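J.: Take a look at this one; I'll ask things after.
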Amino acid sequence: MNKRVELKKYNEEGHRVYDCPICATGDVVVKDNLFYGKCDNCEATLIDYLPLPHQEAFHESNAQYRLNIGGFGSGKTTAACAEIATHALDTPNGRSLITAPTLSLVKDAVIPELNKFIPPWHIEISRLNPSPYYKLNNGHEIIVYSAADQQKLRSLNLTAFYIEEASGVNYSIFDQLMTRLRSKAGVIRDKEGREIDYKYMGIVSTNPEDGWILDNFMLISDKLVASPSIDVRMYDDFMKNKLNRHFHTFISSTRDNQHIPAEFIERMSAGKSERWIRKYVDCFIDISEDAVYPEFSQCLVEPFPIPRHWKQVAGFDPGYADGVAFLMGAIKPSDGSVYVYLDYYVKEMPVSFHANQIGKLVRGRDFLYPIQADPSVNKRNDRDGLSYKDYFYKLSGVDLASGNNDIMYGIEKVRDYMVSGKLFFFNNLENLKYEMKNYQYHKSEKRNSNDTPIDKHNHLMDAMRYMVAKFPQDPNDMVGVYVNEKIHSPVSSFIESFGESKEEVTYGKSIYRGIKKF
Ligand SMILES: [Zn+2]
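With the numbering used here applied, the sequence shown has no gaps in its numbers, which climb one by one up to 774 at the end.
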């Protein structure tokens, strides 16, 4: 952004007047509704855009990808247009793309804002229809396509892109555009011609909605900046383990925009629910709004060494087509709480592979119950009369027991254990965290009271239901569970062998194999 220049005065028409910072003798007049002006002496251009305090961090960030997520009217579009215009004026022969769910959204909401930043005397060609287009005197082009036009986005060489209202745009578009930032005009070279830096820039702007914006951007952002009215700590537990330094996210509320009159917020909130206001004005992204397990984030714990002798429990979901999900937990003998410390979610591999892997994970451990699995493991196939369970046992020596597959019973019980403080999860279990956040009921307004959750993101969730369904009805009875169903060992030996022995320990582990979508 430009160096700050002191405002000299307002002229009779209410336009801003500056002393020219270049020649120091001329005046620059900037019209009330614009951000540019020209010196009447040396013809230098002055851009006098002054970001709102909450947008300063956004402009100062040097991350290649920046997400601006904010309430309605929080000034996102203006900030994005300032970046695109500055980039275009600074990057000769470069190319910037602006895209949005529809072309008319760009025409109506973005172009008028962009025009406040691009002085006409820097424009060689510009048009609005059929799709907006600019060619600047420095050879930089600004092109606009609807995000529905995926075909057109495929072969571009860009130096910058800007996705407006990204909640209405598919992740595949963003994914595609990241690979399009490769025009040579974006490379900064030193005198010897060596590449020393890049001007590449991807800006994503959106109202507070979840979806890929959360999973593939916000929660992997190396930097999460919010205006003071927003508490970002609520996202802490959902942040991924691996953050990406090229991603920065900026969160702001409508209330941060001092240019918006108070009655505007009142008017837009009229008749709306508390929840609506919290979301679309205060930019509170309620991760657990429709979650099946809203208490989940309170049950996350830092991984700790699990004494080898804690009894084990496990759940298994065969999921023939979309992979095998498997969870393991250990029971703390002193209070009977269960700590889930391992998740396994592997796709597109044969049963023999899973049998081998899971065999290794469970071997030598002392289980309270056999691994609880989807009852479908008992079904015999027509070919050789062998069930999944039999086959799995043959390959691994691991016994899968048929679990209770009553969905609502299982979910209630899992929640029971969570709210009773008897079920915890290591916070490094990425697969589990992903499903916990995305395993949801239909949106509240479309939901009936006895609806089951949406049949998605539920493989580990199912494995967990099978595991927990076997537990005592009252979570407080877990501490008293003393009989290993297979060994029938007495309570005394169960308790005694569980001193806080630290000699052999296990830390949390998250195993994933397949196409990563998070
Ligand atoms: Zn001048």
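Virtual Cβ for every residue (Gly too), placed ideally from N, Cα, C.
Note that this is a predicted model, so its numbers are computed, not measured.
Compute the Euclidean distance between the alpha carbons of LYS332 and ILE562, then round it to the nearest angstrom.
T.: One C-alpha to the other measures close to 47 Å.
J.: Can you tell me whether ILE777 is helix, strand or coil according to DSSP?
T.: Outside the shown range of the chain, which is 257 to 774, sits residue 777, and nothing can be said about it.
J.: Do three or more CB pairs link the region 412-426 to the region 445-461 at distances below 8 Å?
T.: Contact between the region 412-426 and the region 445-461 is present, because at least three Cβ pairs lie under 8 Å.
J.: Between LEU475 and LYS496, is the Cβ-Cβ spacing less than 8 Å?
T.: Cβ atoms of LEU475 and LYS496: closer than 8 Å.
J.: What are the boundary residues of the alpha helix (DSSP H) that includes ASN694?
T.: That run of the alpha helix (DSSP H) goes 686-694.
J.: Would you call ARG511 buried or exposed, if buried means 16 or more other Cβ atoms sit within 10 Å of its Cβ?
T.: With 16 or more other Cβ atoms within 10 Å, it is buried.
J.: For a quick check, are the C-beta atoms of LYS567 and ALA586 less than 8 Å apart?
T.: The answer is yes: Cβ separation under 8 Å.
J.: Going straight from the alpha carbon of PHE572 to that of ARG322, what length do you get?
T.: Cα to Cα, the separation comes out at about 39 Å.
J.: Closer than 7 Å: is that where the CB of GLY282 sits relative to any heavy atom of ligand 1?
T.: Yes, ligand 1 has a heavy atom inside 7 Å of this Cβ.
J.: Taking 7 Å as the cut-off, does the CB of ILE814 come closer than this to any heavy atom belonging to ligand 1?
T.: Past the boundaries of the shown model lies residue 814; the chain is included only from 257 to 774, so the question cannot be answered.
J.: With respect to the alpha helix (DSSP H) encompassing ALA199, which residues constitute its N-terminal and C-terminal limits?
T.: Only positions 257 to 774 of the chain appear in this structure, which leaves residue 199 out of reach.
J.: Helix, strand or coil, according to DSSP, for LEU414 in the structure here?
T.: DSSP places LEU414 in strand when its eight states are reduced to three.
J.: Using a Cβ-Cβ cut-off of 6 Å (strictly less than) and excluding sequence neighbours within five positions of ASN267, which residues of its own chain qualify?
T.: VAL273, listed in sequence order.
J.: What's the C-alpha gap between VAL400 and VAL362?
T.: The straight-line gap from Cα to Cα measures roughly 8 Å.
J.: Following the continuous beta strand (DSSP E) through PHE682, name the residue where it begins and the one where it ends.
T.: Counting along the chain, the beta strand (DSSP E) containing PHE682 begins and ends at 679-682.
J.: On a Cα-Cα basis, can you pick out the residue from MET490, MET434 and HIS310 that is closest to ASN252?
T.: Absent from the model: residue 252. The displayed extent of the chain is 257 to 774, so no value can be given.
J.: Taking LYS822 as part of the alpha helix (DSSP H), name the residues at either end of that continuous run.
T.: Examination of residue 822 is not possible in this model, given that the chain is present from 257 through 774 alone.
J.: Based on DSSP bridge pairs, tell me the residues matched to HIS504.
T.: Paired residue(s): ARG322 and LYS479.
J.: Does the distance between the C-beta of CYS298 and the nearest non-hydrogen atom of ligand 1 fall short of 7 Å?
T.: Checking the Cβ of CYS298 against ligand 1 gives yes.
J.: For MET457, which of helix, strand or coil comes out of DSSP?
T.: Strand at MET457.
J.: What is the rounded straight-line gap between the Cα of GLN432 and the Cα of TRP468?
T.: Roughly 14 Å between the two C-alpha positions.
J.: Is DSSP giving GLU312 helix, strand or coil here?
T.: Reduced to three states, the DSSP call for GLU312 is helix.
J.: Ligand 1 and CYS539: does the residue's C-beta get closer than 7 Å to at least one heavy atom of that ligand?
T.: False, no ligand heavy atom lies under 7 Å from that Cβ.
J.: If you reduce the DSSP assignment to three classes, tell me which class THR708 lands in.
T.: Three-state result, THR708: coil.
J.: At a threshold of 7 Å, does ILE521 count as lining ligand 1 (C-beta to nearest heavy atom)?
T.: Incorrect: ILE521 has no Cβ contact closer than 7 Å to ligand 1.
J.: Closest Cβ-Cβ distance between THR708 and chain B: below 8 Å?
T.: In the displayed structure, chain B is absent; only one protein chain is listed.
J.: Beta carbon of ILE278: closer than 7 Å to some heavy atom of ligand 1?
T.: Yes, ligand 1 has a heavy atom inside 7 Å of this Cβ.
J.: Ordered along the chain, which non-local residues of its own chain (more than five positions away) have a Cβ less than 8 Å from that of LEU499?
T.: These residues qualify, in order along the chain: ILE476, SER477 and ASP478.
J.: Tell me which same chain residues have a C-beta within less than 6 Å of the C-beta of GLU760, skipping the five on either side of it?
T.: Note that GLU760 scores 44 on pLDDT, short of 50, meaning its location in the model is unreliable and no value can be drawn from it.
J.: Let me check understanding here. Comparing Cα to Cα, which of LYS588, ARG619, ASN660 and ILE381 lies closest to ALA629?
T.: The residue with the shortest Cα to Cα distance from ALA629 is ASN660.
J.: Can you find a heavy atom of ligand 1 that lies under 7 Å from the Cβ of CYS337?
T.: No, the Cβ of CYS337 stays beyond 7 Å of every heavy atom of ligand 1.
J.: Answer yes or no: do ALA335 and ASN349 have a C-beta to C-beta separation smaller than 8 Å?
T.: Their beta carbons are not under 8 Å apart, which means ALA335 does not touch ASN349 by this criterion.
J.: Would you identify the three-state DSSP class for ALA300, choosing helix, strand or coil?
T.: It is coil, neither helix nor strand.
J.: Which word fits VAL675, buried or exposed, when buried means at least 16 other C-beta atoms lie within 10 angstroms of its C-beta?
T.: Burial call: exposed.
J.: DSSP three-state call for PRO550: helix, strand or coil?
T.: In this structure, PRO550 counts as coil in the three-state DSSP scheme.
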